[in-house]
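**Student:** Residue numbering for the sequence shown follows this note's numbering, starting at 441 and increasing by one per position. A virtual CB, placed ideally from N, CA and C, is assigned to each residue, including glycine.
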Amino acid sequence: MEIKTGYIYHIKDEFFDKINDKGLMINHENGRARPTYFTIKDKDILWFIPLSSKVDKYQVIIDKKN
């Protein structure tokens, strides 16, 4: 599969099973569907950025860090 910048992706359960890293976003948290990721490329790094509709929740976190 060719992964392109500027697209939205869902990561398969098998990835999370293989990596098993507690620092990663949980794929099926509390029975919810897997998160959606937006991709951007910075030099040679392809970033997968999780998307969320919980703007208020994350705005509080951002405000605390500023």
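What does DSSP give as the partner residues of Asp-482 in its beta bridges?
**Tutor:** Your numbering for residue 482 matches position 42 in the sequence shown. Per DSSP, Ile-485.
**Student:** Would you check if the distance between the CB atom of Lys-444 and the CB atom of Thr-476 is smaller than 8 Å?
**Tutor:** The sequence position of residue 444 within the sequence shown is 4, counting from 1. The sequence position of residue 476 within the sequence shown is 36, counting from 1. The answer is no: Cβ separation not under 8 Å.
**Student:** Using only the alpha-carbon positions, how far apart do Leu-464 and Asp-503 sit?
**Tutor:** Numbered from its first residue, the sequence shown carries residue 464 at position 24. Numbered from its first residue, the sequence shown carries residue 503 at position 63. In a straight line, the C-alpha of Leu-464 is about 23 Å away from that of Asp-503.
**Student:** Tell me whether Tyr-498 sits in a helix, a strand or coil according to DSSP, three-state version.
**Tutor:** The residue you call residue 498 lines up with position 58 of the sequence shown. Reduced to three states, the DSSP call for Tyr-498 is helix.
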